[in-house]
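So the structure is just underneath, and the comments pick up after that.
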């Protein structure tokens with residue numbers, strides 16, 4: 019088991035946002051966090067790496083207690099990709115080099131530069147190395163943010179809605195890239211995601227959130243339409259198309275009339 023979370027609880031001003039949340043995830047797997055808006059998906063990601071400090075719970079990574087570490091030590095083990103990020107005038111190379119910050123003492127070393135070059139090449143971003151980040155498309159910029167997280171050389175990737183505001187081609191490219199990275203580097207990835215079809219296509223396990231707590235921690239193959247209805251409040255059908263599970267909402271359009 020690479021990462022294990024147990025009993026995570028977090029409140030804003032005494033308002034519970036997470037109640038006794040936990041899961042276990044092996045390397046090479048992607049966990050999709052599912053739930054309606056406000057279910058606590060983004061908050062959970064920020065609790066896992068102590069951006070937010072949970073009132074209770076633990077996170078263990080390779081037998082190491084994450085909550086006992088400082089921010090620099092956590093950043094060496096967990097790469098975080100936020101839902102929103104600043105668009106600045108840094109070059110792509112320099113933006114990814116920022117991911118080496120937890121490893122840099124006085125100044126960047128030859129090894130730091132080499133790590134960045136290798137990541138850019140492996141992600142087909144080397145041609146953009148000297149381009150300003152704020153000149154990139156949404157899909158290109160998202161890949162750069164993921165590359166910056168990889169420059170930390172983490173064991174776990176935490177990604178908050180990595181496909182938001184992307185067109186369908188870039189959604190599949192970004193999620194496919196995450197899938198490849200996780201398998202090739204033997205990482206674990208925890209991804210909050212709204213699109214159920216992307217979740218079924220690229221995730222291995224689901225953490226389904228309801229009323230700020232875990233409704234189901236389950237392999238995607240064991241997910242039923244009834245579970246999705248309980249979490250999202252809508253009837254769906256699950257179909258198999260070209261070997262992939264597709265979620266079809268059974269929405270009654272007459273309700274709009």
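In my numbering, the protein residues as written are 19 to 275. Virtual Cβ for every residue (Gly too), placed ideally from N, Cα, C. None of these values were measured; they are calculated from a predicted model.
Environment of residue 102 [buried if 16+ CB atoms lie within 10 Å]: Residue mapping note: residue 102 aligns to position 84 of the chain shown, counting from 1. Its Cβ having fewer than 16 others within 10 Å, residue 102 is exposed.
Spatial neighbours of residue 182 in its chain, beta-carbon cut-off 7 Å, leaving aside the 5 residues before and after: Translated into the one-based positions of the chain shown, residue 182 becomes position 164. Excluding residues within five positions, the ones whose Cβ falls inside 7 Å are 101.
Tell me the DSSP secondary structure of residue 268 in three-state form. For the purposes of this step, residue 268 is taken as residue 250 along the chain shown, with counting starting at 1. The answer is coil: DSSP assigns residue 268 none of H, G, I, E or B.
From what residue to what residue does the alpha helix (DSSP H) around residue 261 run? As a first step, residue 261 must be located in the chain shown, where it is residue number 243. Looking at the DSSP string, residue 261 is not in any alpha helix (DSSP H), and its letter there is neither H nor E.
CA-to-CA distance, residue 47 to residue 240, given in whole angstroms: Counted from its first residue, the chain shown places residue 240 at position 222. Counted from its first residue, the chain shown places residue 47 at position 29. Using only the alpha carbons, I get a separation of about 16 Å.
Which residues in the same chain as residue 143 place their Cβ atom closer than 7 Å to its Cβ, once the five residues preceding and following it in sequence are excluded? As a working mapping, residue 143 is identified with position 125 in the chain shown. Within the same chain, residue 143 has close Cβ partners 110, 161, 162, 165.
Determine the direct distance from the alpha carbon of residue 187 to that of residue 156, and round the result to whole angstroms. If you number the chain shown from 1, residue 156 lands on position 138. If you number the chain shown from 1, residue 187 lands on position 169. One C-alpha to the other measures close to 11 Å.
C-beta contact flag for residue 25 and residue 38 at 8 Å: Within the chain shown, residue 25 is the residue found at index 7, counting from 1. Within the chain shown, residue 38 is the residue found at index 20, counting from 1. Yes. Within cutoff.
Leaving aside the five residues before and after residue 137 along the sequence, list all residues of the same chain whose C-beta is less than 7 Å from its C-beta, in chain order. Here the question's residue 137 lines up with position 119 in the chain shown. Result list for residue 137: 114, 165, 168, 169, in chain order.
Taking the continuous beta strand (DSSP E) assigned at residue 134, which residues delimit it? Reading the chain shown from its first residue, position 116 is the one you call residue 134. Taken as a continuous stretch (DSSP letters only), residue 134 belongs to no beta strand (DSSP E), being part of the alpha helix (DSSP H) at 128-140.
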